[in-house]
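When the letters of the sequence shown are read in order and numbered with my numbering, they come out as residues 280 to 459. A virtual CB, placed ideally from N, CA and C, is assigned to each residue, including glycine.
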Amino acid sequence: MSVFTNPASSSREDASSYTAAVLGLLGDQKPFDVLSRTPAALNRAMRGVSPRQLARREAPAKWSIKHVLRHLADSEVVWAWRLRLILAHDRPTITGYDQDAWANRLGYDDANPKDSLADFTTLRKSNLRLVKRASPADLQRVGIHSERGEESVAHLVKLYAGHDILHLNQIARIRKSFQA
Numbered sequence: 280m281s282v283f284t285n286p287a288s289s290s291r292e293d294a295s296s297y298t299a300a301v302l303g304l305l306g307d308q309k310p311f312d313v314l315s316r317t318p319a320a321l322n323r324a325m326r327g328v329s330p331r332q333l334a335r336r337e338a339p340a341k342w343s344i345k346h347v348l349r350h351l352a353d354s355e356v357v358w359a360w361r362l363r364l365i366l367a368h369d370r371p372t373i374t375g376y377d378q379d380a381w382a383n384r385l386g387y388d389d390a391n392p393k394d395s396l397a398d399f400t401t402l403r404k405s406n407l408r409l410v411k412r413a414s415p416a417d418l419q420r421v422g423i424h425s426e427r428g429e430e431s432v433a434h435l436v437k438l439y440a441g442h443d444i445l446h447l448n449q450i451a452r453i454r455k456s457f458q459a
């Protein structure tokens, strides 16, 4: 299993490895810049890709581009909820979720990639407005993640930026598999 697989039932060690790997993808890039550029990068990544290719899985039991787009939109819903909980409440509990269960149970096979991208873009704009208006003290507010422990708003900004890079890389890899 890849370090980037992050089911809700993972151990604290697995969650720590996942977090470190995702943050490693971010490197020294500015997280807010990455988060701001991702909708346009996703639009570019979809150019010239047919509906059949958008639905083509990279390999058996792997996601297609349309799965990745729906996952990003749903992850943005999760981030929206987590941000609001942390900013409005003192040390709220933040639950994990099993991304594969969401993909299987929430119809990712039937998702419309354009709708997923539109959902993602709208939610991302809303989340970035919230982060942009946050004070330095707000950015240090924390929630208690059920698997990863204490996470601040500033940490989540970095984590979601790394998550964007992870999935942009995944889409590029899937596109490359079309030539194979």
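Let me know the secondary structure DSSP gives residue i once reduced to three states.
i: residue 368; result: coil
i: residue 354; result: helix
i: residue 335; result: coil
i: residue 343; result: strand
i: residue 443; result: helix
i: residue 453; result: helix
Hey, residue i and residue j are a contact pair by Cβ (cut 8 angstroms); roughly how many whole angstroms apart?
i: residue 444; j: residue 304; result: 4 angstroms
i: residue 322; j: residue 409; result: Not really, about 23 angstroms apart at Cβ, beyond 8 angstroms.
i: residue 402; j: residue 356; result: 6 angstroms
i: residue 301; j: residue 441; result: 4 angstroms
i: residue 456; j: residue 337; result: 5 angstroms
i: residue 425; j: residue 374; result: 5 angstroms
i: residue 435; j: residue 361; result: 6 angstroms
i: residue 350; j: residue 378; result: 6 angstroms
Beta-carbon separation of residue i and residue j under 7 angstroms?
i: residue 359; j: residue 391; result: no
i: residue 427; j: residue 294; result: yes
i: residue 370; j: residue 423; result: yes
i: residue 398; j: residue 381; result: no
i: residue 320; j: residue 447; result: yes
i: residue 450; j: residue 324; result: yes
i: residue 310; j: residue 437; result: yes
i: residue 318; j: residue 400; result: yes
- Message: Below 8 angstroms, how does it come out for the stretch 311-326 and the stretch 414-424: are there three or more Cβ pairs, yes or no?
- Response: no
- Task: Note down, one range per segment and in chain order, each beta strand (DSSP E) of at least 3 residues found wholly within the stretch 407-432.
- Result: 421-424, 428-431
- Task: Give a yes or no on contact between the stretch 338-347 and the stretch 380-391, applying the rule of three or more CB pairs nearer than 8 angstroms.
- Result: yes
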